[in-house]
Amino acid sequence: MTSLREAGVSRGDLVGLVISPARGVAAAPGGWCGADICAVARADEQLRPRWAVWSGQTAAALVASGVRLATCWDITAAHRLLFGGFRADPGFAWARLHGLAADTVPAGPPDLFGLDEGDTSEPVTAAGHLRPEWADGGWAEGPARMARWAELARTAAALQRDALAALAGRPSPLGSRAVATACCESAAELLCAELSADGLPVHRAAAERVLAAIIGPRPRSEAEAAAVRAARDERVLRHAPPGVTADLRSPVQLRSLLGRIGVEVPDTRAWRLRQLSGAHPLIAALLEWRKAERIATTYGYAWLDSHLGADGRLRGAWTGSDGAAGRMTASAGLHNMPAALRRAVIAEPGHVFVRADLGQIEPRVLAAVSGDQALAAAARADDLYAPVAGQLGLDRPTAKVAVIAAMYGQTTGHGAQALRRLTAAYPVAMAYLDAADRAGRAGRDLRTYGGRLIVLAPSGGESRSASRAAAYGRYARNAMIQGAAAELFKMWAVTVRARCASLGARIVLCLHDELLLHVPSEHAGTASRLVGDCLREAAARWAPGCGVRFIADTTVVAKWSDAKAAADAGPP
DNA sequence: GATTTCACGTA
DNA sequence: CGTACGTGAAATCC
């Protein structure tokens, strides 16, 4: 790919990149176009530009052709960082970037009445919006359009970078952190494309054995399935008075059934029923029924059939950032698979899993983002809550609950004394949380440590009750911590992605504070050491000089279920 | 038929 | 000890 070099592109320069499955690739500057996706891989290795792409779809197309970029600038990811929320299509992102109101973004088919007399061969309207017929796929109609679309990607990325760099912050400027966050979020989108394509190793026979033990063998017909359901219902209903029946799947009918056995409840949630499980044998049977019914409906044979490929990989769609605090999301139940099914997550022959999770991530993140030196000192311990308990003069469980309640906004209980002691011991951290809470209540937008906008302003003249305001206060506290933790986690994940690639190791699951790597057995030790090194590297890049120690618990296992249950280190 | 509510799994 | 997400089925709306 000589034209990029001829165009004067060097390492880190923004290069617009678009890919059409039918027509190949286009890049800007240089107006280079071609059918050869491998040329992108060569340029990535030799020049290492920062590819400006409209979304993770570009990475998905590359991954499908076996090409995995080192880095990029993802306009979708940068837009979510800059403006918050989830919507981030090109037309919307372009409009917000140019200060145009969201409700003026044109949508749908081209204007048949000719009110917009502009030149449709131009992607930008007279009002400054992206033309929807371009954004909705028209950009791929030919080499010239693709080159123009790539040029616009480069323009948008450069504007986003400037806007992020200009962010002011107290006490330290936010701009350089926000640009780094955008780069990290962009790499996370590359990782998401890979996670979606690679999938999680799941052993089909093992999965079916787990299911059979809980919900019985795979039914051979609809009639057999109905019989299995009826038998499951019967194990609950036999505890009901004679002749009394109900559809257990209907909360309304279930409530009246409970009424017949003398149990009055406002709703039928499990935690409420659990407190009454001694009252009547039906309740314990019902809770068991719920577990099995959950597996049967959501994680049963139908789930396996639709998401587990013939190659033994369970695939879902991954996104790098939700619309709130910026955590990763995954479909196909990858983020809420019942623990029992972890027994079927088995490394392929010649491979093992390296599983690592961050310990006590949220209080450590609080120490880092608030700059509280006392809390940072406590975070030097393996078990952060031990020194905190000593400092507060409380036992460890009480101290832990107090810290968590402070971070998330207690609504019930009686932590007044613990709260006073916390405020005295860690005034900087507590002031940080209090400021977030007040901003949330008042409807003032916030930015996380890494620069993500947390939208708290009321939309469309809505007024907020006191309880609603309190809920926004809790939401704001939570988003500032959860969001910053998500930033650190992604920094860790993309660092691991980069450093582990040469070992043939792949990240196959991200679970908010946990990484699962699929690693050739001979590299298990190397990969284990690497995830620890990567955490230190990521923390140093994310919050240099913060003085907080971050820890990862790392194990090498053949099955996901062999990893000890997520442990909150320390005595009970 | 589309949307909301309930419930529950994960972090 | 709060928040977030994705999901499926029932209930409700239109």
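Using the working numbering, the first residue of the first sequence is number 181, and each one after it goes up by one.
The beta-carbon is built from N, C-alpha and C at its ideal position, and this holds for glycine as well.
- In this structure, the alpha-carbon of residue 202 lies about 21 Å from that of residue 210.
- Exclusion of the five residues before and after residue 465 leaves 415, 416 and 419 as the residues of its chain whose Cβ lies within less than 7 Å of its Cβ.
- Residue 627 has 633 as its beta-bridge partners, per DSSP.
- When C-alpha distances from residue 304 are compared across 335, 322, 645 and 184, the shortest belongs to 335.
- Cβ neighbours of residue 556 within its own chain (closer than 8 Å, five residues either side excluded): 547, 548, 726, 727 and 728.
- Rounded to whole angstroms, the separation of the alpha carbons of residue 513 and residue 541 is 24 Å.
- Between the segment 385-393 and the segment 477-486 there are three or more C-beta pairs closer than 8 Å, enough to call the two in contact.
- For residue 700, the enclosing beta strand (DSSP E) starts and ends at 694-700.
- Put simply, the backbone Cα of residue 628 is about 32 Å away from that of residue 312.
- Judged by DSSP secondary structure, residue 439 falls within the alpha helix (DSSP H) whose first and last residues are 431-440.
- Counting C-beta atoms within 10 angstroms of its own C-beta, residue 276 has 16 or more neighbours from the protein chains shown and is therefore classed as buried.
- With at least 16 other beta carbons inside 10 angstroms of its own, residue 329 counts as buried.
- Taking all protein chains shown into account, residue 451 has fewer than 16 neighbouring C-beta atoms within 10 Å of its C-beta and is therefore exposed.
- By the neighbour-count criterion, in which a residue is buried when 16 or more other Cβ atoms sit within 10 angstroms of its Cβ, residue 529 is exposed.
- Non-local C-beta neighbours of residue 196 in its own chain, meaning closer than 6 Å and more than five positions away in sequence, comprise 208, 232, 330, 331, 333 and 334, ordered along the chain.
- Here the C-alpha atom of residue 706 lies approximately 11 Å from the C-alpha atom of residue 684.
- Between residue 395 and residue 401, the alpha-carbon positions lie close to 15 Å from each other.
- Residue 706: not part of any beta strand (DSSP E); member of the alpha helix (DSSP H) spanning 704-722, first to last residue.
- Beta bridge pairing from DSSP links residue 208 with 196.
- Secondary structure at residue 526: strand, using DSSP grouped into helix, strand and coil.
- For the segment 304-360, the continuous alpha helix (DSSP H) assignments of 4+ residues that do not extend past its boundaries occur at 312-315 and 323-345, in sequence order.
- Under the Cβ criterion (8 Å, minimum of three pairs), the segment 614-634 counts as touching the segment 661-678.
- Less than 8 Å divides the Cβ of residue 253 from the Cβ of residue 362.
- According to the DSSP secondary-structure assignment, residue 381 is paired through a beta bridge with 493.
- If you compare the alpha carbons of 551, 217, 324 and 191 with that of residue 610, the shortest gap goes to 551.
- Between residue 569 and residue 579, the beta carbon gap of about 4 Å places them in contact (Cβ cut-off 8 Å).
- For residue 533, the uninterrupted beta strand (DSSP E) segment begins and ends at 531-538.
- When C-beta atoms of the segment 336-345 are compared with those of the segment 214-224, fewer than three pairs fall below 8 Å, so the two segments do not count as touching.
- The shortest CA-to-CA distance from residue 488 to any of 639, 280, 343 and 383 is the one to 383.
- Assignment of beta-bridge partners to residue 510 by DSSP yields 498.
- The beta carbon of residue 498 sits closer than 6 Å to the beta carbons of 372, 375, 376 and 510 from its chain, once the five residues preceding and following it are set aside; these are given in chain order.
- For residue 733, the closest alpha carbon among the candidates 657, 709, 739 and 717 is that of 709.
- When beta bridges are read from the DSSP output, residue 213 appears opposite 206.
- At the C-beta level, residue 601 and residue 573 come within 8 Å of one another.
- Contact check between the segment 516-523 and the segment 471-480: three or more CB pairs, one atom from each, fall below 8 Å, which counts as touching.
- Annotation: the continuous beta strand (DSSP E) that includes residue 231 extends over 230-233.
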